[in-house]
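So the protein sequences, as listed, match chains F and D.
The opening position of the first sequence corresponds to residue 4 in the working numbering, with each subsequent residue numbered one higher.
The opening position of the second sequence corresponds to residue 7 in the working numbering, with each subsequent residue numbered one higher.
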Amino acid sequence: MELTTDILKNLIKSAQMAIEHEIGCDECFDELHELAEMELAGKSPAEAMPLVKDHLDKCGSCREEYKALLEALQNIENGQK
Amino acid sequence: MINWFKRRRNKNTSYDTNEEWVEALSPPVDEQAVDVLRKKLIQGLKPALHKYVDRELDQFVEDVAQDALLKVLDNIDSFRGESKLTTWAMKIAVREGLTELRLKRYDDISIEDLKPEDGSREVFSLTVASDETSPDRSLHESQLIDKVMQIINEELTDKQKKAINALMIQGLPIPAVVKLMDTNRNALYKLVHDARLKIKNKLELEGIDPDKMLDKL
Ligand SMILES: [Zn+2]
Chain F
4 MELTTDILKN
14 LIKSAQMAIE
24 HEIGCDECFD
34 ELHELAEMEL
44 AGKSPAEAMP
54 LVKDHLDKCG
64 SCREEYKALL
74 EALQNIENGQ
84 K
Chain D
7 MINWFKRRRN
17 KNTSYDTNEE
27 WVEALSPPVD
37 EQAVDVLRKK
47 LIQGLKPALH
57 KYVDRELDQF
67 VEDVAQDALL
77 KVLDNIDSFR
87 GESKLTTWAM
97 KIAVREGLTE
107 LRLKRYDDIS
117 IEDLKPEDGS
127 REVFSLTVAS
137 DETSPDRSLH
147 ESQLIDKVMQ
157 IINEELTDKQ
167 KKAINALMIQ
177 GLPIPAVVKL
187 MDTNRNALYK
197 LVHDARLKIK
207 NKLELEGIDP
217 DKMLDKL
């Protein structure tokens, strides 16, 4: 198994970004509906919920779900007008 | 009798408030509210999921909305009102849909296919490629690689090595690793977080500055 320079860089970066208290996917999910409404109301996610934002930055699956949620919500709001 | 009163009272309401929603979706369930919510979910899911679904979007979205509605009804007690009920329900529906799509994507792949070709033993004994394969590798780089390998091999548990290897070295997607390791996404995230933290702390302990390390690579 070859450890190339690129892999090594990613490994170091991902270690470097680690902070003591990171939330997992479940805790992130628990807050997601609240964050989505805050963001749609124009608040900065990083200020409103830093730990959730941190998780979204680091977890592609949760980020994918969050983006899809925002898209879905924007669509039902537009549909009501 | 109670059921009848409730249905009558809710007739023609538009479920504007969370209180109205929660009451309508708590047993005995107001079917009209379920229908209104179903339509909303479908309306939101279609544009959010269309890029992931190559055919029969309508059918897929309807199935997802149905599964999500059952979860919403089952968990209505846990809704704390931090957002609109429809936002909370949409969150459940979106996750349901994407989870289903991810499962489909990896359904046909057997665990055997996901294992590295040279056998699972390799997962636990990460080795560095010999210098012959990378003649350009500097001495400094080789030392860094040795150091990181040493930390991985000495500090991480077998499970953590397996996860780091699958995700970062082999570059397998998360759902594939979840399946390979017979775990769930949350547990995998926590396992890898712990591993990343161990590597970070060990580097610090040895006086190695990751920024400087990265600059030199
Ligand atoms: Zn996550």
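For every residue, glycine included, the Cβ atom is placed at its ideal position computed from N, Cα and C.
Residue i Cβ short of 7 Å to ligand 1 heavy atom set
{"i": "F:His-91", "result": "For residue 91 of chain F there is no data in the structure shown, the boundaries of chain F being 4 and 84."}
{"i": "F:Tyr-69", "result": "no"}
{"i": "D:Arg-191", "result": "yes"}
{"i": "F:His-58", "result": "yes"}
{"i": "F:Ser-64", "result": "yes"}
{"i": "D:Tyr-112", "result": "no"}
{"i": "D:Tyr-195", "result": "yes"}
Contact belief for residue i with residue j at Cβ below 8 Å, rounded distance in angstroms
{"i": "D:Leu-209", "j": "D:Pro-216", "result": "6 Å"}
{"i": "D:Ala-39", "j": "D:Tyr-21", "result": "6 Å"}
{"i": "D:Leu-104", "j": "F:Ala-71", "result": "6 Å"}
{"i": "F:Asn-78", "j": "D:Gln-49", "result": "6 Å"}
{"i": "D:Met-174", "j": "F:Ile-10", "result": "6 Å"}
Minimum C-alpha distance to residue i - residue among the options
{"i": "D:Ile-170", "options": "D:Met-96, D:Lys-52, D:Asn-81 and D:Tyr-195", "result": "D:Tyr-195"}
{"i": "D:Ile-205", "options": "F:Thr-8, F:Ile-10 and F:Ser-17", "result": "F:Ser-17"}
{"i": "D:Ser-41", "options": "D:His-56, D:Leu-63 and D:Ala-74", "result": "It should be noted that the sequence gives Asp, not Ser, for residue 41 of chain D. Taking only the C-alpha atoms, the option nearest D:Asp-41 is D:Ala-74."}
{"i": "F:Gly-68", "options": "D:Asp-83, D:Tyr-112, D:Ala-54 and D:Ile-82", "result": "Reading off the sequence shown, one finds Glu at residue 68 of chain F, where the question assumed Gly. Closest by alpha carbon: D:Ala-54."}
{"i": "F:Ala-21", "options": "F:Ala-39, F:Phe-32, F:Cys-31 and F:Leu-54", "result": "F:Leu-54"}
{"i": "D:Asp-200", "options": "F:Pro-48, F:Gly-27 and F:Ala-71", "result": "F:Gly-27"}
{"i": "D:Arg-108", "options": "D:Val-183, D:Ala-30, D:Asn-159 and D:Asp-64", "result": "D:Val-183"}
{"i": "F:Cys-65", "options": "F:Asp-29, F:Lys-12 and F:Leu-11", "result": "F:Asp-29"}
{"i": "F:Glu-23", "options": "F:Thr-7, F:Phe-32, F:Asp-57 and F:Cys-31", "result": "F:Asp-57"}
{"i": "D:Glu-225", "options": "D:Gln-176, D:Leu-203 and D:Lys-218", "result": "With chain D covering only 7 through 223, there is no way to say anything about residue 225 of chain D."}
{"i": "D:Arg-191", "options": "F:Ile-10, F:Cys-31 and F:Asp-9", "result": "F:Cys-31"}
{"i": "D:Leu-197", "options": "F:Glu-74, F:Gln-77, F:Leu-72 and F:Glu-25", "result": "F:Glu-25"}
{"i": "D:Glu-102", "options": "D:Arg-86, D:Glu-88 and D:Asp-69", "result": "D:Asp-69"}
{"i": "D:Arg-111", "options": "D:Ala-39, D:Asp-64, D:Thr-93 and D:Asp-60", "result": "D:Asp-60"}
{"i": "D:Thr-92", "options": "D:Gln-176, D:Glu-26 and D:Met-155", "result": "D:Glu-26"}
{"i": "F:Gly-45", "options": "F:Cys-62, F:Leu-73, F:Asp-60 and F:Gly-63", "result": "F:Leu-73"}
{"i": "D:Ser-32", "options": "D:Asp-83, D:Arg-44, D:Asp-64 and D:Ile-214", "result": "D:Asp-83"}
{"i": "D:Asn-207", "options": "D:Pro-181, D:Met-187, D:Leu-173 and D:Ile-157", "result": "D:Ile-157"}
{"i": "D:Glu-106", "options": "D:Arg-86, D:Gly-87 and D:Phe-66", "result": "D:Phe-66"}
{"i": "F:Glu-42", "options": "D:Ser-89, D:Glu-37, D:Asp-164 and D:Lys-218", "result": "D:Ser-89"}
Residue i (DSSP reduced to helix, strand or coil)
{"i": "D:Pro-181", "result": "helix"}
{"i": "D:Lys-90", "result": "coil"}
{"i": "F:Ile-26", "result": "coil"}
{"i": "D:Gly-213", "result": "coil"}
{"i": "D:Asp-60", "result": "coil"}
{"i": "D:Asp-73", "result": "helix"}
{"i": "D:Tyr-21", "result": "coil"}
{"i": "D:Phe-85", "result": "coil"}
{"i": "D:Asn-35", "result": "One detail in the question is off: residue 35 of chain D reads as Val in this sequence, not Asn. If DSSP states are grouped into helix, strand and coil, D:Val-35 belongs with coil."}
{"i": "D:Lys-46", "result": "helix"}
{"i": "D:Lys-208", "result": "helix"}
{"i": "F:Leu-41", "result": "The residue asked about is misnamed: residue 41 of chain F is Met in this sequence, not Leu. It is helical."}
{"i": "F:Gln-77", "result": "helix"}
{"i": "F:Cys-31", "result": "helix"}
{"i": "D:Asp-188", "result": "coil"}
{"i": "F:Glu-67", "result": "helix"}
{"i": "D:Leu-223", "result": "coil"}
{"i": "D:Leu-162", "result": "coil"}
{"i": "F:Thr-7", "result": "coil"}
{"i": "D:Gln-149", "result": "helix"}
{"i": "D:Gln-156", "result": "helix"}
{"i": "F:Glu-47", "result": "According to the sequence displayed, residue 47 of chain F carries Ser and not Glu. F:Ser-47 falls in the coil class under three-state DSSP."}
{"i": "F:Ala-18", "result": "helix"}
{"i": "D:Met-96", "result": "helix"}
{"i": "D:Gln-176", "result": "coil"}
With a threshold of 8 Å, are at least 3 pairs of Cβ atoms found where one atom belongs to the stretch 68 to 87 of chain D and the other to the stretch 145 to 155 of chain D? no
Could you tell me whether the stretch 162 to 169 of chain D touches the stretch 42 to 53 of chain F, using the rule of 3 or more Cβ pairs below 8 Å? no
The stretch 32 to 51 of chain F touching the stretch 90 to 99 of chain D, judged by at least three CB pairs closer than 8 Å: yes
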